[in-house]
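For reference, the structure discussed in these notes is given below.
Okay, structure coming up:
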């Protein structure tokens with residue numbers, strides 16, 4: 001289906017694998033008795049009970065990260081993301097399976113790199129550098145960079161206990177990202193610091209994304225960040241990798257997972273796994289497919305159908321977003337409640353879109369079904385997504401026209417800048 | 426001259442071999458050494474931080490402790506083996522025991538105390554234990570200097586045996602390290618260990634001839650007096666402390682395994698026990714250290 005996406009992916013796989021996780025299982029032992037210690041251990045032994053129950057945190061997790069990737073790991077709280085990061089960082093060891101990486105790995109886990117409150121900022125930077133495997137002279141070389149990035153120049157000789165919590169995290173984060181590591185592991189970092197600092201981080205991430213030698217593994221709940229920075233992502237649910245690959249799929253599915261959790265009526269949660277990404281018991285079928293040719297000229301009007309099968313809802317809406325897969329971003333979106341569907345059940349909707357204003361490019365139409373609670377009398381109440389088309393059942397098409405140019409999204413027919421006059425100064 | 430040339434060649438081969446082995450070892454333990462240095466430095470800095478006299482305490486503290494010990498044991502209780510240097514022998518014994526005591530009781534908690542760090546960064550966690558024992562070793566070094574000053578004041582007769590001192594100190598150190606590795610591992614799983622160890626330490630302390638001279642036991646006029654004295658000396662802690670005393674300040678008057686027991690196989694028992702302790706410590710620690718971050 002996705003002809004446009006394939007060549008890009010092929011190119012990616014040429015780069016060397018820097019981190020590979022193969023069939024990793026992790027089991028935690030949770031004590032069932034209140035007391036721990038020798039006495040309880042002895043009592044448990046005489047009774048012949050284990051005194052703990054085993055919790056499978058990760059099960060058969062496999063994925064690979066290539067050099068230069070910006071890799072996202074997404075999942076709800078308690079799904080096993082942080083455990084996975086700790087396994088990768090070597091803090092935990094897997095029960096089964098194998099994790100290997102090449103290059104220097106710099107973890108930033110649980111909002112810190114293990115600072116000592118009694119030491120000064122400077123001493124902490126050097127201690128941490130050593131723990132991450134850098135010699136004194138190597139830390140010397142990156143020290144100024146770290147302090148500059150953290151904007152804490154005047155506080156470096158103060159003890160860390162006199163820092164505000166924001167300053168501490170900022171310093172820790174700066175150490176992690178300015179250390180000359182090859183693989184950077186970041187856990188829940190996007191809420192670090194004030195707005196100015198966040199903007200700086202944003203610039204840094206954008207820059208790192210371009211760097212072919214730096215690999216970043218990011219755990220976050222911010223789907224905007226996943227869509228913005230990541231090249232690839234995985235979604236973890238109950239210790240399993242549910243989706244491995246396309247970041248948009250992952251982000252959309254994650255949003256849906258969270259909606260399901262808040263939706264108390266949803267009894268299809270357990271069966272959810274039987275359905276492909278984006279679909280559920282309520283909506284077992286949703287797909288968009290081209291009716292006209294999927295390679296069009298600008299003068300064409302692209303025609304496509306949306307087929308869906310959905311349970312009875314009072315207020316059913318359809319939203320269509322047109323993704324620009326070549327340039328990134330969303331070229332057009334209908335809005336969440338502009339198209340109201342009249343009927344539920346198994347239906348097909350015929351649609352068309354004029355292409356005159358666009359230059360050459362590849363596009364993907366992502367359709368989502370949305371409902372507004374019947375109880376909500378307010379017409380402006382937000383709608384809720386119940387299904388979306390995933391990577392496979394979205395509709396892909398391309399524009400190829402000799403009259404068009406390649407670089408920008410809009411063609412001269414769509415938009416032109418007119419000169420109002422010239423003046424010499 | 427072909428033989429000479431061959432010799433030269435062989436020498437060169439051995440040299441490059443040794444060098445490559447040293448290089449390999451350095452590469453392998455470079456990371457660990459960097460961390461160890463930083464951790465020991467940090468611990469030392471933190472120990473005296475915020476105090477008015479600062480690092481001076483590391484000398485003052487043992488000095489004051491010695492004065493108290495000297496007054497109590499040598500003056501009031503009149504513990505003596507009859508020689509004029511006994512007060513210094515006593516001080517050396519006590520400071521050696523203190524080293525063992527400090528390194529095991531701090532090292533015991535080291536893994537759990539550094540838990541915050543071990544849960545965030547991966548580094549070889551035996552370094553945490555080693556750095557705790559190293560801290561105690563530094564204090565011991567300072568104490569030894571204080572003992573040396575006392576010894577000079579007491580006009581102790583030094584001999585060439587002082588050169589043997591590092592060997593005995595090394596033995597005591599690796600013995601302490603072996604104990605600490607086992608205790609630290611057990612402490613991660615069972616916090617009771619620290620209380621048990623506190624009691625056990627007292628038992629060991631009174632079972633070795635540190636505050637009393639060995640003659641106090643061997644001089645008992647029963648058939649078991651000399652036998653118990655010999656048994657006490659077979660404890661590697663007692664053996665190494667007696668050796669330290671023997672080599673450092675009192676070669677003439679300190680009874681050791683070597684001059685009390687004639688059977689050479691029996692004299693090897695404390696050395697063997699030391700080796701067993703270290704190997705056991707390393708094995709136990711290696712077996713369980715992967716689970717530390719989860720269990721703590």
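Residue numbers (the working numbering), protein chains in the order written: chain P, 1 to 425; chain H, 426 to 721.
Note that CB positions come from ideal geometry on N, CA and C, so glycine has one too.
With a 10 Å radius around its C-beta and 16 neighbouring C-beta atoms as the bar for buried, classify residue 489(H) as buried or exposed. Residue 489(H) should be labelled exposed.
Do residue 333(P) and residue 409(P) have their C-beta atoms within less than 8 Å of each other? No; because the gap between Cβ atoms is not below 8 Å, this pair is not in contact.
Give a yes or no on whether the minimum CB-CB distance between residue 176(P) and chain H is below 8 Å. For residue 176(P), no CB of chain H lies under 8 Å from its own CB, so it is not counted at the interface with that chain.
Hey, quick one: how far does the beta strand (DSSP E) through residue 580(H) stretch, first residue to last? Per DSSP, residue 580(H) belongs to no beta strand (DSSP E) and is neither H nor E.
Determine the burial state of residue 45(P): buried for a count of at least 16 other Cβ atoms within 10 Å of its Cβ, exposed for fewer. Answer is exposed; the Cβ neighbour count stays below 16.
For residue 135(P), does the three-state DSSP call read helix, strand or coil? Judged by DSSP in its simplified three-state form, residue 135(P) adopts coil rather than helix or strand.
Quick one: is residue 147(P) buried, meaning 16 or more other Cβ sit within 10 Å of its Cβ, or exposed? The residue is buried, with at least 16 neighbouring Cβ atoms inside 10 Å.
Amino acids of chain P, ordered along the chain, whose beta-carbon sits closer than 7 Å to that of residue 460(H): Result: 130 and 131.
Which of helix, strand or coil DSSP assigns to residue 123(P): When secondary structure is reduced to three states using DSSP, residue 123(P) falls in the helix class.
Which of helix, strand or coil does DSSP assign to residue 196(P)? The three-state secondary structure of residue 196(P), taken from DSSP, is helix.
By DSSP, does residue 406(P) sit in helix, in strand, or in coil? In the displayed model, residue 406(P) falls within coil according to three-state DSSP, outside both helix and strand.
Among the residues of its own chain, which have a CB less than 6 Å from the CB of residue 414(P), if the five just before and after it don't count? Around residue 414(P): 357.
Would you say residue 92(P) reaches chain H, if we count a Cβ-Cβ gap shorter than 8 Å as a contact? Yes, its Cβ sits closer than 8 Å to a Cβ of chain H.
Supposed close pair residue 579(H), residue 510(H) - CB separation, criterion 8 Å: Contact check for residue 579(H) and residue 510(H): beta-carbon distance about 6 Å, within the 8 Å limit, so the pair qualifies.
Identify which residue in 214(P), 185(P), 299(P) and 224(P) has its Cα closest to the Cα of residue 132(P). Closest in C-alpha terms to residue 132(P), from the list 214(P), 185(P), 299(P) and 224(P), comes 185(P).
Distance between residue 523(H) and residue 160(P) (C-alpha atoms, nearest Å): Answer to the nearest angstrom: the Cα atoms are 33 Å apart.
Shortest alpha-carbon distance to residue 591(H) belongs to which of 505(H), 521(H) and 501(H)? Among 505(H), 521(H) and 501(H), the Cα nearest to that of residue 591(H) belongs to 521(H).
Residue 372(P) - DSSP class collapsed to helix/strand/coil: The DSSP-derived three-state label of residue 372(P) is coil.
Using a Cβ-Cβ cut-off of 7 Å (strictly less than) and excluding sequence neighbours within five positions of residue 403(P), which residues of its own chain qualify? Closer than 7 Å at the Cβ level, and outside the excluded window around residue 403(P), lie 298.
Taking residue 382(P) as the reference, which of 373(P), 296(P), 389(P) and 163(P) has the closest Cα? When each option's Cα is compared against that of residue 382(P), the closest is 373(P).
Just verifying my parser: in three-state terms, what is the DSSP assignment at residue 158(P)? Coil at residue 158(P), not helix or strand.
Do you know offhand how far residue 277(P)'s Cα is from residue 14(P)'s? Near 27 Å, if we compare the C-alpha coordinates of residue 14(P) and residue 277(P).
For the structure I just gave you, are there three or more beta carbon pairs, one from the region 614-621 of chain H and one from the region 543-557 of chain H, closer than 8 Å? Fewer than three beta-carbon pairs drawn from the region 614-621 of chain H and the region 543-557 of chain H are found closer than 8 Å, and the two stretches are therefore not classed as touching.
Along chain P, which residues have their Cβ under 7 Å away from the Cβ of residue 474(H)? Within 7 Å Cβ-Cβ: 118.
Answer with yes or no whether the minimum CB distance from residue 437(P) to chain H is below 8 Å. Missing from the structure shown is residue 437(P); chain P here goes from 1 to 425 and no further.
Evaluate residue 481(H) with the Cβ neighbour count: other Cβ atoms within 10 Å of its Cβ, from every protein chain shown; 16 or more gives buried, anything less gives exposed. Its Cβ having fewer than 16 others within 10 Å, residue 481(H) is exposed.
Which residues in the same chain as residue 307(P) place their Cβ atom closer than 7 Å to its Cβ, once the five residues preceding and following it in sequence are excluded? So the qualifying residues of the chain are 285, 287 and 348.
Using the DSSP secondary-structure output, state which residues sit across from residue 317(P) in a beta bridge. Under DSSP, the beta-bridge partners assigned to residue 317(P) are 340(P) and 370(P).
Can you give me the C-alpha to C-alpha distance between residue 670(H) and residue 718(H), rounded to a whole angstrom? So the alpha carbons of these two residues sit roughly 41 Å apart.
Measure the alpha-carbon distance for residue 704(H) versus residue 603(H) and round it to whole angstroms. About 7 Å.
With 8 Å set as the bound, which would you pick, yes or no: does the beta-carbon of residue 270(P) sit closer than that to a beta-carbon of chain H? Because residue 270(P) sits at a pLDDT of 43, beneath the cut-off of 50, its placement in the model cannot be relied upon, and the following sentence gives the value as read from the coordinates. Among the CB atoms of chain H, none fall inside 8 Å of the CB of residue 270(P).
Return helix, strand or coil for residue 298(P), following the three-state DSSP convention. Secondary structure of residue 298(P) (DSSP, three-state): coil.
Quick one: is residue 163(P) buried, meaning 16 or more other Cβ sit within 10 Å of its Cβ, or exposed? Residue 163(P) comes out buried.
Report the partner residues of residue 21(P) according to the DSSP bridge assignment. Residue 21(P) pairs with 63(P) and 99(P).
Whole-angstrom distance between residue 94(P) and residue 40(P), CA atom to CA atom: Between residue 40(P) and residue 94(P), the alpha-carbon positions lie close to 27 Å from each other.
Minimum C-alpha distance to residue 502(H) - residue among 517(H), 458(H) and 638(H): For the options 517(H), 458(H) and 638(H), the alpha carbon positioned closest to that of residue 502(H) is the one of 638(H).
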